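Working notes, structure below.
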Amino acid sequence: MAKAAKPATQEPDIEEEAVAPPKKSKKKLIVVIAVLVLLLGGGAAAFLLLSPPPAPKRGGAAPAPVEEARSKTPAKFVDLGQFTANLMHEEEDRYLQVTISLKLTKPELEDKIKETKPEILHRVNMLLQSKRPSDLSTIDGKELLAQQIKAQVEYVLGLRRVAPVISSDPSTAAIEPSAGKSDLADVLFTSFIIQ
Numbered sequence: 004m005a006k007a008a009k010p011a012t013q014e015p016d017i018e019e020e021a022v023a024p025p026k027k028s029k030k031k032l033i034v035v036i037a038v039l040v041l042l043l044g045g046g047a048a049a050f051l052l053l054s055p056p057p058a059p060k061r062g063g064a065a066p067a068p069v070e071e072a073r074s075k076t077p078a079k080f081v082d083l084g085q086f087t088a089n090l091m092h093e094e095e096d097r098y099l100q101v102t103i104s105l106k107l108t109k110p111e112l113e114d115k116i117k118e119t120k121p122e123i124l125h126r127v128n129m130l131l132q133s134k135r136p137s138d139l140s141t142i143d144g145k146e147l148l149a150q151q152i153k154a155q156v157e158y159v160l161g162l163r164r165v166a167p168v169i170s171s172d173p174s175t176a177a178i179e180p181s182a183g184k185s186d187l188a189d190v191l192f193t194s195f196i197i198q
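So the sequence shown is numbered by this note's numbering: it starts at 4 and just counts up by one.
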């Protein structure tokens, strides 16, 4: 006997109806990863650039030397005033009018300058009167004069042992350097007129 065939049912096959989930795009995944890498890299770079430098190790480098601390001290300026001096000239009368200031790296020298100002003014006047107009007409001549004034002031302040020579002879104009670093940093001409 033949078996009876099962009546066909109208139920769709479950496998056919179950649709596979949509596939995610690999492009989106790559973009998301790239954005994350950029954000992390940028954050790390910002952290490294904006963080303070590491503190020095203990027992490592010594504290800053005294000279470095001295250079952080602001300079003090002391006016010596205006000088008018007759210059050495054979043909006609010529004179120099100059205003001089001193730049100090050690502010304590200001009191010593005030105490010895008459002697400083005397030595500067004598030095100015030993000059010829031709000695002061060039930048080099003015720089030499500043060095000579500095040497005179250093001597009066006790920063030099030997008094610099005041002479009208240009061959004796060379200045020996002072022993060690001077606290008198510079001689400044704030006005310089030759007539």
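Cβ atoms here follow ideal geometry from the backbone N, Cα and C, with glycine treated the same way.
Treat the numbers as computed from the prediction; the structure is a model and nothing was measured.
The stretch 86-104 / the stretch 131-141 touching (three or more Cβ pairs under 8 Å): As far as the Cβ criterion goes, the stretch 86-104 touches the stretch 131-141, which means the pair count is three or higher.
Limits of the alpha helix (DSSP H) - the one that Gln132 falls within: Taking the first residue of the sequence shown as position 1, residue 132 is located at position 129. Where Gln132 is concerned, the enclosing alpha helix (DSSP H) stretches over 120-132.
Buried versus exposed, by CB contacts within 10 Å (16 or more), Val156: The residue labelled residue 156 in the question sits at position 153 within the sequence shown. The residue in question, Val156, is buried, as its Cβ has 16 or more Cβ neighbours within 10 Å.
Check whether Ile142 and Val127 have beta carbons under 8 Å apart: Here residue 142 is taken as the residue at index 139 of the sequence shown, counted from 1. Here residue 127 is taken as the residue at index 124 of the sequence shown, counted from 1. No, these two residues do not count as a Cβ contact at 8 Å.
Same chain only: Cβ atoms within 6 Å of Ala188, ignoring 5 sequence neighbours per side: Your numbering for residue 188 matches position 185 in the sequence shown. Contacts found: Lys106, Thr108.
Where the beta strand (DSSP E) through Ala88 begins and ends: Numbered from 1 along the sequence shown, position 85 holds the residue referred to as residue 88. Taken as a continuous stretch (DSSP letters only), the beta strand (DSSP E) holding Ala88 covers 79-90.
Of the listed residues Leu83, Pro110, Pro55, nearest to Thr1 (C-alpha basis): Because residue 1 is not part of the residues shown, which for the chain are 4 to 198, the question remains open.
Own chain partners of Thr193 with C-beta closer than 6 Å, once the 5 adjacent residues on each side are dropped: Counting from one through the sequence shown, the residue named residue 193 turns up at place 190. Within the same chain, Thr102, Ser104 come within 6 Å of Thr193 by CB-CB distance, once the 5 residues on both sides are set aside.
Distance, Leu51 Cα to Leu41 Cα: For the purposes of this step, residue 41 is taken as residue 38 along the sequence shown, with counting starting at 1. For the purposes of this step, residue 51 is taken as residue 48 along the sequence shown, with counting starting at 1. One alpha carbon belongs to Leu41, the other to Leu51, and they sit about 15 Å apart.
Within 8 Å, strictly: CB atoms of Val159 and Glu113: Looking up residue 159 in the sequence shown gives position 156. Looking up residue 113 in the sequence shown gives position 110. No, they are not a contact pair.
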